[in-house]
Amino acid sequence: MTRVVGMSVGRNRRGRPIQDGGAAIVEDGEIIVAISEERLNRDKYSPGFAAALEYCLDSEDLSVSDIDAFVFSNCLGYPLTPDLLDRHVEESGLDIPQSKQVICDSHHRSHAASAFFTSTFDEALIFSIDNTGNVLRGDYGRHHLNGLERTSIFYGDGTEVQLDGRYHDECSELGLGAAYKYVTLYLGFKSYKDAGKVMGLAAYGDGDLAEYRLFDDDWNCLIESNPYDRAGAVRQCLVDQGFDPGPRKQGTDSPSSLQKEIAWLLQRELERVLIEMVQHHVKRTGCQTLCYAGGVALNCVANTKLLTETPLKRLHIPPAPGDYGQCLGNALYGYYIHRENRDWTKLTHTYLGRPYSDEEIEAALHQTSADIVSWQPESVERFVAEAIADGDIVGHFAGGSEFGPRALGNRSILGDPRQKDTRDYVNASVKFRESYRPFAPTVLKERYTEYFEGKPRPSSKFMLLAQPIKAEKQDEIPAVVHANGTARLQTVSSDGNPRFHAIISEFDRLTGTPLVLNTSFNLSGEPIVETPSDALSTFRRSGLDYLVLNEYVISDRDNGDD
Ligand SMILES: [Fe+2]
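Going by my numbering, the final residue of the sequence shown carries number 1121, and the count climbs one at a time with no gaps.
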């Protein structure tokens, strides 16, 4: 038996840990457990791996001595050296012998491994695209002046992931992820982590700025690299083309038409360059299969266009394509690096957290000071379906948590997609977030074609594609129709998540609609809940009507007395 643990140790130039830490264990080719650090220390985007490693080892009843290799990558600086890694490990208080420490020599190779080795393909093109990975060349103290991993092309074959080329890697050159970051900040958002909000906002643009470019015909970014004035660099890029959009925008709660149009332009440019790159590499290699990771692969609108506007036949994106997935990529890289044969372990689900027992739930209920009542209905699936059909909003907690940023049923807030009010209510009173942000539906896989254009794709299992909703169905499910008539949907099958499938089937029996509104179980700015106590805490601070913890239903005493 071979067991490999993956983690990442990114540090910035001042030695501060960078974001999105976690740990994962691969055992004989199978991912047996994985979790992000933020879920455990409740600090969103948290770096580090100490709590995640402890969680992974404890949940499988393992110790350091049971692990054959601990595989690490980093980000921002040059790739790790053995001495530097040993120092990081020691500083983290872990007792991992240097003989078991393995280095993944590239942040983008780790992304590539997370994509290729979770696919079912024996050969594939692999794209790793994010804001920045490791330093490739240059020795400048200022990170942005170096040549960086921005857009990397790999080729996967069996157990190997070989570098095939790079773009945007000259010194002081921006790439696709960096351009998205710059424009996100220009638009007035606080962090590049708000890129998903910009993608949602882009749907409200009309294309008034269609004549302008952020990348040239050779895919070079037209925005100058300037981390001291990113907004000024974006403005200058458009000024150079004869249009002055003014200084950095203030406030994003009620975006102006200019903010919507610039978001539209950014999204159009991202899609244009990605589509052209895929077309080029498919033509060059003859390979019509793509595995794709890095933070840019979270852009589900662009992902969908890769399937509809290029010759690609197959696309696989792992459930955590961003830097949370580094731990998984490292574990898989470390597992395959010395192997000749591939173990064809199919990633059928992302529920890679540990389940919680009835005793743990009862203990959490016992400890809460909230004035609540709890009970166990005869059928919890039927209870949830009936509550949603009655217009209630339900926090649903069951089994192991999802690995990655999407809630896929086990840590989800569920609502009625037929009521337009559901979206506004959940935005304003449950999750406390901007009113223009869309909500996703989860649909029974076997009923997909009744509601959505095209056919169900494997990446929809992980909520990574945005598909057009059939025109005649949009009035039936207004709470999950985005401004452009699409939805970032999840398909669920009876073997992928039997309980969630049963809830939606019951909802369909009651209402004739085989889908529900599904959003992650967290408040704005907080990580998704992991434990029963986290779920209770979120329930108390939100406008949820019911909380479901495995077989238990919880409500406020007032609500329960109705
Ligand atoms: Fe990355």
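Glycine included, each C-beta is placed from N, C-alpha and C at the ideal position.
Throw me the rounded Cβ distance for the residue i and residue j pair, which I believe falls under 8 Å.
i	j	result
aspartate 540	serine 994	Examination of residue 540 is not possible in this model, given that the chain is present from 560 through 1121 alone.
alanine 948	aspartate 975	6 Å
proline 806	arginine 794	7 Å
proline 1086	arginine 598	5 Å
glycine 801	glycine 565	At roughly 49 Å, the Cβ-Cβ gap does not stay under 8 Å, so glycine 801 and glycine 565 are not in contact.
threonine 1001	isoleucine 952	With a Cβ gap of about 15 Å, threonine 1001 and isoleucine 952 do not count as contacting.
alanine 609	cysteine 886	With 8 Å as the limit, alanine 609 and cysteine 886 do not qualify as a contact, their Cβ atoms being about 13 Å apart.
proline 576	glycine 607	6 Å
isoleucine 591	glutamate 619	6 Å
alanine 769	glutamate 940	Contact flag wrong, Cβ pair sits at about 48 Å.
valine 648	isoleucine 655	5 Å
methionine 1022	leucine 967	6 Å
Could you compute how far the alpha carbon of residue i sits from the alpha carbon of residue j?
i	j	result
arginine 1099	aspartate 767	44 Å
glutamate 921	leucine 1108	10 Å
aspartate 579	leucine 612	14 Å
aspartate 1120	glutamate 586	Here the model assigns aspartate 1120 a pLDDT of 42, short of 50, so the residue's position is not dependable, and the following value carries that caveat. Those two C-alpha atoms are separated by around 49 Å.
alanine 762	glutamine 809	20 Å
glutamate 517	tyrosine 741	Because residue 517 is not part of the residues shown, which for the chain are 560 to 1121, the question remains open.
aspartate 930	phenylalanine 1059	28 Å
alanine 754	threonine 691	15 Å
glutamate 1065	serine 622	43 Å
leucine 643	leucine 824	42 Å
aspartate 627	arginine 646	20 Å
aspartate 786	histidine 925	Aspartate is not the amino acid found at residue 786; the sequence shown has proline there. Rounded to whole angstroms, proline 786 to histidine 925 spans 50 Å at the Cα level.
valine 1039	alanine 987	16 Å
serine 605	threonine 1008	39 Å
aspartate 1117	glycine 854	43 Å
leucine 1074	arginine 1068	11 Å
leucine 871	lysine 1014	15 Å
glutamine 818	alanine 1094	35 Å
glutamate 899	valine 630	19 Å
valine 798	proline 804	8 Å
serine 567	threonine 848	28 Å
glycine 588	aspartate 617	20 Å
phenylalanine 956	proline 1037	25 Å
Can you check whether the CB of residue j is closer than 8 Å to the CB of residue i?
i	j	result
arginine 977	threonine 1078	no
cysteine 634	histidine 666	yes
alanine 593	leucine 906	no
cysteine 663	serine 632	yes
alanine 674	tyrosine 894	no
histidine 840	isoleucine 712	yes
valine 757	alanine 861	no
leucine 773	cysteine 796	yes
cysteine 730	asparagine 693	no
tyrosine 1111	glutamine 935	yes
glycine 954	threonine 1097	yes
alanine 672	leucine 891	yes
tyrosine 915	serine 595	no
tyrosine 751	leucine 744	yes
arginine 992	serine 1083	yes
valine 989	serine 1101	yes
leucine 973	leucine 1076	yes
leucine 746	aspartate 728	no
threonine 909	proline 878	yes
leucine 735	threonine 710	yes
Is residue i near ligand 1, with its Cβ less than 7 Å from a heavy atom?
i	result
aspartate 882	yes
histidine 727	no
glycine 755	no
aspartate 1104	no
glutamate 801	In the sequence as presented, glutamate is not what sits at residue 801; that position holds glycine. No - ligand 1 has no heavy atom lying nearer than 7 Å to the Cβ of glycine 801.
histidine 702	no
aspartate 689	yes
histidine 581	As written in the sequence, residue 581 is glycine, which differs from the histidine given in the question. Checking every heavy atom of ligand 1 against the Cβ of glycine 581, none is found closer than 7 Å.
glycine 541	Residue 541 lies beyond the residue range present for the chain, which begins at 560 and ends at 1121; the question has no answer from this structure.
glycine 692	yes
histidine 908	no
glycine 854	yes
histidine 839	no
histidine 647	no
histidine 1041	no
histidine 666	yes
histidine 925	no
Is it true that the region 674-682 meets the region 695-710, where meeting means three or more beta-carbon pairs spaced less than 8 Å apart?
-> The region 674-682 vs the region 695-710: no contact.
Inter-stretch contact at 8 Å, needing at least 3 Cβ pairs: the region 835-851 / the region 711-730 | yes
Are at least three pairs of beta-carbons, each pair with one atom in the region 1017-1028 and one in the region 1047-1063, less than 8 Å apart?
-> As far as the Cβ criterion goes, the region 1017-1028 touches the region 1047-1063, which means the pair count is three or higher.
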